[in-house]
Amino acid sequence: KPVNSLMLYKTIARYIPDKIIPIKTEQENGVAVARLEGFQNMLLHYGIDLKLAMEYNAGNADDFLNRVKLFEKYADDNIRFFQTTDFGDDYYYQAHTTKSIASGVGAYVLAQLAGTAELRKDDEYLRRITPVIIDEYDRVRQGLVKLTNEANIPDEKR
Numbered sequence: 006k007p008v009n010s011l012m013l014y015k016t017i018a019r020y021i022p023d024k025i026i027p028i029k030t031e032q033e034n035g036v037a038v039a040r041l042e043g044f045q046n047m048l049l050h051y052g053i054d055l056k057l058a059m060e061y062n063a064g065n066a067d068d069f070l071n072r073v074k075l076f077e078k079y080a081d082d083n084i085r086f087f088q089t090t091d092f093g094d095d096y097y098y099q100a101h102t103t104k105s106i107a108s109g110v111g112a113y114v115l116a117q118l119a120g121t122a123e124l125r126k127d128d129e130y131l132r133r134i135t136p137v138i139i140d141e142y143d144r145v146r147q148g149l150v151k152l153t154n155e156a157n158i159p160d161e162k163r
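In our numbering, the protein residues as written are 6 to 163.
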């Protein structure tokens, strides 16, 4: 389950600081965070905040890109699920999962929409909000595809 890595590391460091290795913001042979930061304004247009994503991933660009890869891989199936499912336990589970996945890539609008859908178990509301979730899911996917293409992310990182 995705967690906010930076928050986890800070919490651990508070209790056992002498045993913590400093967090790196770039791995050897990894993708530099600075290389991605130039795309912040473009990504905001797609409801993605790269700064939030980097915080969620403890400043680790490779972890972020792994989450982007997973988001892109399962986007079609997840969108199709929202298009075809009835409201019930499966819907709420998928909304929860979408909230977590969206948070990992900095898709703050999608995360909030999915989080609201998860909590409000009102069929009439869900009928109105689900098309918005689907549109936002697709919009985030488009933004992430544009990022990986324009940032020249190597195929093995996609």
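Beta carbons: idealized from backbone N, C-alpha and C, even for Gly.
As the structure is a prediction and not an experimental result, all values here were calculated from the model.
Just how far apart, CA to CA, sit residue i and residue j?
i, j, result
"Thr102", "Val110", "13 Å"
"Val137", "Thr16", "36 Å"
"Thr135", "Ala58", "24 Å"
"Asn154", "Phe44", "11 Å"
"Leu124", "Tyr97", "8 Å"
"Leu131", "Asn157", "38 Å"
"Gly93", "Ala63", "34 Å"
Among the options, which residue has its Cα nearest to the Cα of residue i?
i, options, result
"Gln99", "Val114, Gly120, Tyr113, Glu141", "Gly120"
"Ala107", "Tyr130, Val145, Arg125", "Val145"
"Ala112", "Leu48, Glu42, Thr90", "Leu48"
According to DSSP, is residue i helix, strand or coil?
i, result
"Phe92", "coil"
"Ala119", "helix"
"Phe2", "This structure does not reach residue 2, given that the chain is present from 6 up to 163, and the question cannot be answered."
"Tyr51", "coil"
Under the rule that 16 or more other beta-carbon atoms within 10 Å means buried, what is residue i, buried or exposed?
i, result
"Gly52", "buried"
"Asp95", "exposed"
"Ala39", "exposed"
"Asp68", "buried"
"Val73", "buried"
"Ala37", "exposed"
"Asn65", "buried"
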